[in-house]
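Notes follow the structure.
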Amino acid sequence: MAATVHAGINQYLDTYKPAMEEALKQGLINEADLDRNLRGVFRVMIRLGMLDPTEMVADARIGFEDGVGNELAPDPWWQAEPKALARKVTDESIVLLKNESCADGESKSCADGESKSSGKGGSRLPASAAGTARALLPLDAKELKSIAVIGPYADSVLIDWYSGTPPFTVTPLAGIRARAGAGVKVEYATGADLSAVAALAKSVDAVVVVIGNHPTCDAGWEKCPVASDGKEAVDRKSLMLAQEEIAKTALAANPKTIVVLQASFPFTTTWSEEHAPAILEITHNSEEQGDGLADVLFGDYDPAGRLTQTWVRDEADLPAMMDYNIRDGRTYMYAKQKPLYAFGFGLSYTSFTYSHLRVSAATLGKNATAMVSVDVKNTGARDGDEVVQMYVSHEGSKVQRPVEELKGFARVALKVGETKTVTLPLAAKALAYWSDEAKGFVVEKDRVEVKVGGSSDDLPVKVMVEVR
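Remember, the working numbering sits 96 above the position in the sequence shown when you count from 1.
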């Protein structure tokens with residue numbers, strides 16, 4: 097403990113008082129040492145306004161003075177620019193997993209229009225290739241009189257242990273209510289009573305079911321009552337989402353049901369993928385979670401989030417729990433079964449095409465870098481972002497390599513009909529493998545296939561590069 101104090105450490109997560117008191121008793125540290133360390137703590141607290149009088153915080157400190165005539169600046173998190181940034185980040189993180197027409201395409205909200213295919217095939221085709229029925233999303237508030245928001249976490253923004261405390265939060269329920277407007281009745285249920293879920297879902301024009309996990313399991317240390325939940329010190333015991341029963345009940349009562357997976361990690365929500373017309377994936381902690389979700393639900397933002405993990409269809413598709421060798425079938429790089437949702441997957445309300453893939457050099461030296469370029473066009477009816485992803489696979493490697501491996505990506509904004517050229521660097525050193533024999537990374541002579549597209553399972557353009 098004394099050594100950490102002398103090293104300048106001033107934050108401790110675990111029990112520290114007994115050791116600190118013993119160090120003081122033995123003369124290994126003194127009060128001057130503690131004062132020096134605490135100075136840094138208080139400096140940060142003062143800069144953040146954490147020691148300001150309560151009335152100053154309540155009024156964002158505008159017009160208040162520090163006691164010597166200097167007006168205090170308002171807290172940054174209440175300002176328009178930081179709030180807009182939080183909302184933008186939230187918008188960009190939301191993933192559209194599925195968007196098809198609802199089952200009873202007779203109603204006005206399911207009239208003719210665009211339809212996007214589901215995540216099952218990873219298709220990014222325009223509506224004409226998928227059918228004529230309008231996809232359920234985005235919702236049109238002018239065509240709705242009532243919405244039900246259902247789910248145990250639908251009226252809360254869940255915070256993880258290390259996420260800090262946001263100055264404000266907008267829950268999914270609050271965000272949907274604000275965006276839907278006064279002319280749309282928005283009702284809420286936790287989903288605890290499935291009979292009440294069915295009755296409510298049947299009585300409204302559209303349903304938004306928010307289900308998923310609690311990031312801290314809503315329980316004490318080393319406790320997770322729900323098998324599919326997990327956290328630090330607690331492994332998940334199942335990938336099956338128990339709350340999916342809420343979605344099943346709501347969908348049975350109302351075909352216009354949107355499933356929102358509020359998830360810290362993948363689930364095997366195969367039933368929802370097969371039956372729900374629309375599925376979104378969001379995560380936790382954002383103070384603008386509800387506004388961001390509403391932006392996507394009502395089409396104010398075209399979704400362009402991408403999955404950062406592979407979602408398997410079944411737990412049986414994974415190796416044994418204690419098998420840590422990813423080559424035995426873990427991650428998108430070595431998966432042996434077709435996933436429920438692939439790594440990098442995410443749909444859009446618009447569509448994109450890829451063409452004219454080229455590389456600056458067909459042969460790549462061991463210390464060289466080639467530039468890979470591709471033309472991307474927005475072929476749909478909405479402005480939107482596409483996340484262009486570049487993967488490689490090895491044809492002549494002497495060692496086992498991934499089936500494919502992400503080597504670069506870029507997010508690009510495209511207006512309707514616009515084409516942009518996206519260029520990504522590919523360094524030979526990025527193609528190296530670790531050699532136990534050489535005790536280092538080795539760039540070998542190889543034939544490498546470079547593939548570009550919108551996700552790891554949707555790579556329509558390819559080119560070969562020789563590594564020498």
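From the three backbone atoms N, C-alpha and C, an ideal C-beta is built for every residue, glycine too. This structure is a prediction, so every number in the text was calculated from the model and none was measured.
Ordered along the chain, which non-local residues of its own chain (more than five positions away) have a Cβ less than 7 Å from that of residue 555?
-> 487, 547, 548, 549
Would you call residue 331 buried or exposed, if buried means 16 or more other Cβ atoms sit within 10 Å of its Cβ?
-> exposed
N-terminal and C-terminal residue of the alpha helix (DSSP H) that residue 101 is part of | 98-102
What residues are listed by DSSP as bridge partners for residue 510?
-> 480
Is it buried or exposed for residue 327, if we count other Cβ within 10 angstroms and need 16 for buried?
-> Note on residue 327: 16 or more other CB atoms within 10 angstroms of its CB, so buried under the neighbour-count rule.
Relative to the ligand GTP, is the shortest distance from any of its heavy atoms to the C-beta of residue 413 smaller than 7 Å?
-> This structure lacks the ligand GTP; in fact it carries no ligand of any kind.
Write down the C-beta distance between residue 342 and residue 272 rounded to the nearest angstrom, noting that I regard them as a contact closer than 8 Å.
-> That belief does not hold up - the Cβ atoms of residue 342 and residue 272 are roughly 17 Å apart, past 8 Å.
Residues in its own chain within less than 6 Å of residue 452 by CB, not counting five upstream and five downstream?
-> Taken in chain order, the residues that qualify are 471.
For the alpha helix (DSSP H) that residue 138 lies in, which residues bound it at each end?
-> 127-143
What are the start and end residues of the alpha helix (DSSP H) that includes residue 272?
-> It spans 268-276 - the alpha helix (DSSP H) in which residue 272 sits, taken as one unbroken run.
Are at least three pairs of beta-carbons, each pair with one atom in the region 299-313 and one in the region 243-262, less than 8 Å apart?
-> Counting Cβ pairs under 8 Å, three or more are found: they touch.
Which first and last residues belong to the beta strand (DSSP E) in which residue 358 is found?
-> 353-358
Note down, in chain order, each residue of its chain lying with its Cβ closer than 7 Å to the Cβ of residue 108, except the 5 sequence neighbours on either side.
-> none
Cutoff 6 Å; reference residue 294; Cβ partners in own chain excluding five residues on either side | 345, 349
Compare the C-alpha of residue 462 against each of 468, 403, 525, 404 and name the closest.
-> 525
Taking only the alpha-carbon atoms, compute the straight-line gap between residue 516 and residue 504 and give it to the nearest angstrom.
-> Each residue's alpha carbon lies about 17 Å from the other.
Classify residue 347 as helix, strand or coil using the three-state DSSP reduction.
-> Helix, per DSSP.
Under a Cβ-count criterion, where at least 16 other Cβ atoms within 10 Å of its own Cβ denotes burial, should residue 420 be classed as buried or exposed?
-> exposed
Residue 158 versus residue 147: straight-line alpha-carbon distance, rounded | Reliability fails at residue 158, whose pLDDT of 47 lies under 50, so the model's placement of it is uncertain and no value is given.
Residue 195 beta carbon less than 8 Å from that of residue 235 = no
What is the residue span of the alpha helix (DSSP H) that residue 387 lies within?
-> 385-393
Is the Cβ-Cβ distance between residue 401 and residue 440 less than 8 Å?
-> no
Tell me whether residue 127 is buried or exposed, calling it buried when 16 or more other Cβ atoms sit within 10 Å of its Cβ.
-> It counts as exposed.
From the DSSP output, read off the bridge partner residues of residue 522.
-> 466
With DSSP as the reference, please indicate the residues paired to residue 454 in a beta bridge.
-> 469
Residues that DSSP places opposite residue 255 in a beta bridge = Residue 255 pairs with nothing; no bridge assigned.
Between the region 315-329 and the region 259-273, do three or more beta carbon pairs fall short of 8 Å?
-> no
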